[in-house]
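All remarks here apply to the structure that follows.
There are 2 protein chains.
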Amino acid sequence: MSELTLQAKELDAADALAPVRSRFLLDDVVYLDGNSLGALPAHVPDRIADVVRREWGELRIRSWQESGWWTAPERIGDRIAPLVGAAPGQVVVGDSTSVNVFKAVVAAARMAGEDRTEILVDAGTFPTDGYIAESAARLTGHTLRAVTPAEVPDALGPRTAAVLLNHVDYRTGRLHDLPSLTAAIHAAGALAVWDLCHSAGALPVGLDAHRVDLAVGCTYKYLNGGPGSPAFLYVRRELQPRFDSPLPGWNSHVEPFGMKPSYDPAPGAVRGRVGTPDILSMLSLEAALEVWEGVGIDAVRAKSLALTDFFLSCVAHHAGDRVESVTPAAHGERGSQVSLRCENAGDVMKRLIEAGVVGDFRPPDVLRFGFTPLYTSFAEAERAARVLGAVLG
Amino acid sequence: MSELTLQAKELDAADALAPVRSRFLLDDVVYLDGNSLGALPAHVPDRIADVVRREWGELRIRSWQESGWWTAPERIGDRIAPLVGAAPGQVVVGDSTSVNVFKAVVAAARMAGEDRTEILVDAGTFPTDGYIAESAARLTGHTLRAVTPAEVPDALGPRTAAVLLNHVDYRTGRLHDLPSLTAAIHAAGALAVWDLCHSAGALPVGLDAHRVDLAVGCTYKYLNGGPGSPAFLYVRRELQPRFDSPLPGWNSHVEPFGMKPSYDPAPGAVRGRVGTPDILSMLSLEAALEVWEGVGIDAVRAKSLALTDFFLSCVAHHAGDRVESVTPAAHGERGSQVSLRCENAGDVMKRLIEAGVVGDFRPPDVLRFGFTPLYTSFAEAERAARVLGAVLG
Numbered sequence: 078m079s080e081l082t083l084q085a086k087e088l089d090a091a092d093a094l095a096p097v098r099s100r101f102l103l104d105d106v107v108y109l110d111g112n113s114l115g116a117l118p119a120h121v122p123d124r125i126a127d128v129v130r131r132e133w134g135e136l137r138i139r140s141w142q143e144s145g146w147w148t149a150p151e152r153i154g155d156r157i158a159p160l161v162g163a164a165p166g167q168v169v170v171g172d173s174t175s176v177n178v179f180k181a182v183v184a185a186a187r188m189a190g191e192d193r194t195e196i197l198v199d200a201g202t203f204p205t206d207g208y209i210a211e212s213a214a215r216l217t218g219h220t221l222r223a224v225t226p227a228e229v230p231d232a233l234g235p236r237t238a239a240v241l242l243n244h245v246d247y248r249t250g251r252l253h254d255l256p257s258l259t260a261a262i263h264a265a266g267a268l269a270v271w272d273l274c275h276s277a278g279a280l281p282v283g284l285d286a287h288r289v290d291l292a293v294g295c296t297y298k299y300l301n302g303g304p305g306s307p308a309f310l311y312v313r314r315e316l317q318p319r320f321d322s323p324l325p326g327w328n329s330h331v332e333p334f335g336m337k338p339s340y341d342p343a344p345g346a347v348r349g350r351v352g353t354p355d356i357l358s359m360l361s362l363e364a365a366l367e368v369w370e371g372v373g374i375d376a377v378r379a380k381s382l383a384l385t386d387f388f389l390s391c392v393a394h395h396a397g398d399r400v401e402s403v404t405p406a407a408h409g410e411r412g413s414q415v416s417l418r419c420e421n422a423g424d425v426m427k428r429l430i431e432a433g434v435v436g437d438f439r440p441p442d443v444l445r446f447g448f449t450p451l452y453t454s455f456a457e458a459e460r461a462a463r464v465l466g467a468v469l470g
Numbered sequence: 078m079s080e081l082t083l084q085a086k087e088l089d090a091a092d093a094l095a096p097v098r099s100r101f102l103l104d105d106v107v108y109l110d111g112n113s114l115g116a117l118p119a120h121v122p123d124r125i126a127d128v129v130r131r132e133w134g135e136l137r138i139r140s141w142q143e144s145g146w147w148t149a150p151e152r153i154g155d156r157i158a159p160l161v162g163a164a165p166g167q168v169v170v171g172d173s174t175s176v177n178v179f180k181a182v183v184a185a186a187r188m189a190g191e192d193r194t195e196i197l198v199d200a201g202t203f204p205t206d207g208y209i210a211e212s213a214a215r216l217t218g219h220t221l222r223a224v225t226p227a228e229v230p231d232a233l234g235p236r237t238a239a240v241l242l243n244h245v246d247y248r249t250g251r252l253h254d255l256p257s258l259t260a261a262i263h264a265a266g267a268l269a270v271w272d273l274c275h276s277a278g279a280l281p282v283g284l285d286a287h288r289v290d291l292a293v294g295c296t297y298k299y300l301n302g303g304p305g306s307p308a309f310l311y312v313r314r315e316l317q318p319r320f321d322s323p324l325p326g327w328n329s330h331v332e333p334f335g336m337k338p339s340y341d342p343a344p345g346a347v348r349g350r351v352g353t354p355d356i357l358s359m360l361s362l363e364a365a366l367e368v369w370e371g372v373g374i375d376a377v378r379a380k381s382l383a384l385t386d387f388f389l390s391c392v393a394h395h396a397g398d399r400v401e402s403v404t405p406a407a408h409g410e411r412g413s414q415v416s417l418r419c420e421n422a423g424d425v426m427k428r429l430i431e432a433g434v435v436g437d438f439r440p441p442d443v444l445r446f447g448f449t450p451l452y453t454s455f456a457e458a459e460r461a462a463r464v465l466g467a468v469l470g
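Heads up: the sequence lines are chains A and B, in that order. Going left to right, the first sequence walks through residues 78 to 470 as our numbering numbers them. Going left to right, the second sequence walks through residues 78 to 470 as our numbering numbers them.
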């Protein structure tokens with residue numbers, strides 16, 4: 078047994094989160110793509126079967142009340158809230174991330190007031206945020222400027238309405254400094270909108286503590302909600318009365334079954350709802366969140382850093398200078414993934430997958446490996462690096 | 078056996094669609110709320126179990142390609158297309174009805190050109206359409222005017238950009254004249270946007286034949302997709318190159334995995350997509366559409382009219398003048414529901430449900446009974462009317 082496999086064995090033996098792995102259905106594949114689609118929690122299939130057969134099939138329309146379908150968006154939002162550092166009543170689940178980015182950016186631009194005419198967007202963002210921010214700016218009459226997070230402090234000014242930033246860069250895995258950037262944005266009198274797709278469920282976010290204004294996030298990555306499970310929207314409590322949604326669907330009405338011709342928005346997080354929620358995808362997410370029972374986000378973060386540290390050591394050992402990490406080495410700048418640059422990265426990823434190590438490829442030359450501390454072991458991190466070394470030859 | 082029960086027996090015996098009922102999981106309840114949530118097709122539970130256990134649980138991320146998840150929105154759109162009279166390549170599934178109304182109204186207003194500054198909306202619409210149209214008008218700088226469908230021809234003018242109408246009124250069950258209203262809208266140089274929530278799957282729509290510009294519809298009513306299954310959007314082929322979405326998410330990009338910083342929309346119906354599709358809800362819908370195998374929408378319409386005619390006769394017999402139908406008697410003006418006005422309607426519906434007849438109540442005084450020809454029998458129509466008579470005392 079090599080020194081690294083021994084070390085992995087010791088790390089796994091000492092890992093307090095190791096038993097959580099059994100809450101998921103896994104196999105011999107080293108699955109390092111949980112930052113794209115989280116693995117299946119073991120109890121979700123039975124729960125969904127019950128939703129389909131009994132709640133839909135037998136109770137039918139009665140389930141909107143009797144099975145709690147109607148209140149699922151805010152109930153599940155409250156379940157996600159502690160994982161992102163939010164008190165109850167500020168998170169609502171529903172729609173895709175893109176749609177929630179639209180709600181958040183339009184609402185932020187409106188709240189900033191008419192004198193503030195510019196929206197800033199992360200230049201390295203996952204593209205949909207940029208496309209949607211551009212549409213939001215066009216519809217609200219704002220200009221849009223793309224800047225890197227590092228450039229944000231200098232770009233801020235009396236004209237800045239809102240800034241849309243990613244907590245963790247989807248490509249490089251770089252963690253941006255949410256507390257200091259949010260403070261800088263507030264000092265300029267603007268609103269901070271954070272995209273938490275690559276941090277929710279992977280590391281502490283501290284939305285309330287840092288007085289983030291609005292945030293959106295994905296639930297099918299580190300929250301394991303299932304393919305295309307609905308996104309979430311956070312609106313800080315103090316801002317909720319001024320949250321003026323561009324998508325004022327009937328689900329956000331103060332009296333949704335009153336069928337009133339004029340729109341009167343509900344108070345609270347419910348104001349972020351739009352249309353009828355996609356119950357199957359949503360209740361799959363609710364069931365998936367049960368794997369967090371007794372698990373704290375700080376423990377997850379500690380294991381995430383230990384896993385990525387260890388993986389980077391193993392990669393250095395097995396793959397040497399044939400790859401270059403584009404993920405920062407500093408803990409304070411690292412999310413829960415490791416991105417490696419190498420030649421023919423698309424082909425390398427194909428061969429890795431054939432060899433039972435699943436990450437993904439992002440053009441032009443990045444191999445991404447996501448680490449989900451709830452189910453990834455140190456032994457898997459070592460094996461992935463070893464297979465990578467072999468594939469690179 | 079009374080004359081009406083005999084008549085029901087004969088009608089059921091002669092019903093060519095009667096065998097389709099066995100494609101659903103039903104029980105002794107007379108379920109006349111399929112216009113709110115369609116019943117569960119019998120094969121859907123096994124299909125969803127496979128999606129969860131094998132496609133998500135075993136294949137995980139590979140399913141986006143290998144299980145056809147990525148192309149589901151347009152594939153399922155093409156499956157719905159013939160039911161609403163559309164050739165392939167014009168319907169895409171995803172998001173809620175409200176979100177699709179937003180896409181359609183904004184896109185229509187933009188296509189109409191800058192000289193056209195007014196949007197007309199059905200004054201009796203399901204409220205969300207009105208709320209969303211108001212938001213769309215506000216964001217695009219149009220004025221919004223609410224008119225009844227009957228007032229539309231007179232309200233049209235050189236300033237009209239687009240008209241949003243309901244094919245069937247959700248409250249009264251009145252079917253509006255899509256061909257002639259669309260022609261009038263076109264004669265005024267405006268665009269016609271139709272909401273098909275209460276007609277898709279219940280009667281022929283003829284989108285292509287009548288040159289409808291844009292349409293949206295729900296899939297959890299007469300299409301039985303399951304609670305909150307995603308809505309659909311139709312964009313007439315000739316208009317697709319000019320379809321300028323207010324929600325240009327990455328799924329509508331010509332090269333979604335290119336991760337390009339600038340937005341370049343895909344051609345075709347795909348342009349109506351936004352973010353990651355909610356796979357569980359979407360594939361439930363896809364499975365549900367299999368009940369249409371060998372079933373034509375014309376046969377469904379014929380049975381729908383026969384069912385509602387028969388129900389109205391039975392109601393006249395059993396409930397006499399204690400209720401008043403607000404659904405038009407003329408076939409050309411009737412959707413696939415019957416709405417009855419009576420005193421204490423909310424309480425009457427509660428007692429009907431307790432007695433095993435499920436419809437729903439819409440304030441202030443309407444009992445709604447939806448007829449889904451795929452699974453509703455004439456015997457059930459008779460029983461519902463008989464129980465109503467007993468409940469009314």
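Each residue gets a CB set at the ideal place from its N, CA and C atoms; glycine is no exception.
The region 183-200 of chain A and the region 343-352 of chain B do not touch, with fewer than 3 CB-CB distances between them shorter than 8 Å. Taking all protein chains in view, the Cβ of M188/B is crowded by 16 or more other Cβ atoms within 10 Å, so the residue is classified as buried. Taking a Cβ-Cβ threshold of 9 Å, none of the residues of chain A is close to L465/B; the smallest such distance is about 18 Å. Annotation: V289/B has no Cβ neighbours in chain A at a cutoff of 8 Å; minimum Cβ distance is about 21 Å. Annotated three-state conformation of N177/A is helix, per DSSP.
Going by DSSP, D199/A is part of the beta strand (DSSP E) stretching over E195 to D199.
With its beta carbon less than 7 Å from one in chain A, L216/B belongs to the interface. If you draw a straight line from the Cα of I356/A to the Cα of A210/A, it comes to about 28 Å. Beyond the five residues adjoining it in sequence on each side, T202/A comes within less than 6 Å, by CB distance, of N243 in the same chain, given in chain order. Under the Cβ criterion of 7 Å, W271/A is not counted among the residues facing chain B. Within chain B, the C-beta atoms nearer than 7 Å to that of L102/A come from G134, in chain order. In the DSSP assignment, T220/A is bridged to E195/A. Residues of the same chain with a CB within less than 7 Å of the CB of L81/B, apart from the 5 flanking positions on each side, are C391, H394 and E459 in chain order. Residues of the same chain with a CB within less than 8 Å of the CB of V106/A, apart from the 5 flanking positions on each side, are G433, V434 and V435 in chain order. The continuous stretches of alpha helix (DSSP H) do not include S322/A, and DSSP gives it neither H nor E. At a Cβ-Cβ threshold of 7 Å, W133/A and P342/B do not count as neighbours. Judged by DSSP secondary structure, S329/A falls outside any beta strand (DSSP E); it is assigned neither H nor E. Look at T353/B here: in three-state DSSP terms it is coil, with no helix or strand label. Closer than 7 Å to the CB of A264/A there is not a single CB belonging to chain B.
By the C-beta criterion, the region 253-266 of chain A is judged not to be in contact with the region 421-429 of chain A, since fewer than 3 inter-stretch pairs fall below 8 Å. Straight-line measurement puts the Cα of I430/B at about 20 Å from the Cα of R130/A. 7 Å or more divides the Cβ of R314/A from the Cβ of D290/A. Within the DSSP bridge table, the entry for S402/B names L417/B as partners. Residue state for W141/B is assigned as helix, using DSSP reduced to three classes.
In the structure shown, A292/B adopts extended strand secondary structure according to DSSP, grouped into three states. Taking 7 Å as the CB threshold, F448/A stays off the interface with chain B. Apart from the 5 residues on each side of it in sequence, R156/B sits with its Cβ closer than 6 Å to the Cβ of L366 in its chain, given in chain order. Secondary structure note for R445/B: its beta strand (DSSP E) is the uninterrupted segment V443 to G447. Within chain A, G326, G352 and T353 have C-beta atoms less than 9 Å from the C-beta of T174/B, given in sequence order. Pairwise C-beta distances place the region 257-271 of chain A out of contact with the region 320-332 of chain A, as fewer than three of them are shorter than 8 Å.
Remark: C-beta atoms of P122/A and N301/A do not approach each other more closely than 7 Å. If you look at V464/A, you'll find it in the alpha helix (DSSP H) that goes F455 to L469. Beta-bridge analysis with DSSP links V169/A to L310/A. Near chain B, meaning a CB-to-CB distance below 9 Å, the residues of the region 293-319 of chain A are C295, Y297, G303, P304, G305, S306, P307 and A308. Considering only beta carbons, the part of the region 202-213 of chain A lying closer than 8 Å to chain B consists of F203, P204, T205, G207, Y208, I209, E211 and S212, in chain order. Within chain B, the residues whose beta carbon sits less than 8 Å from that of A116/A are G134 and R137, listed in sequence order.
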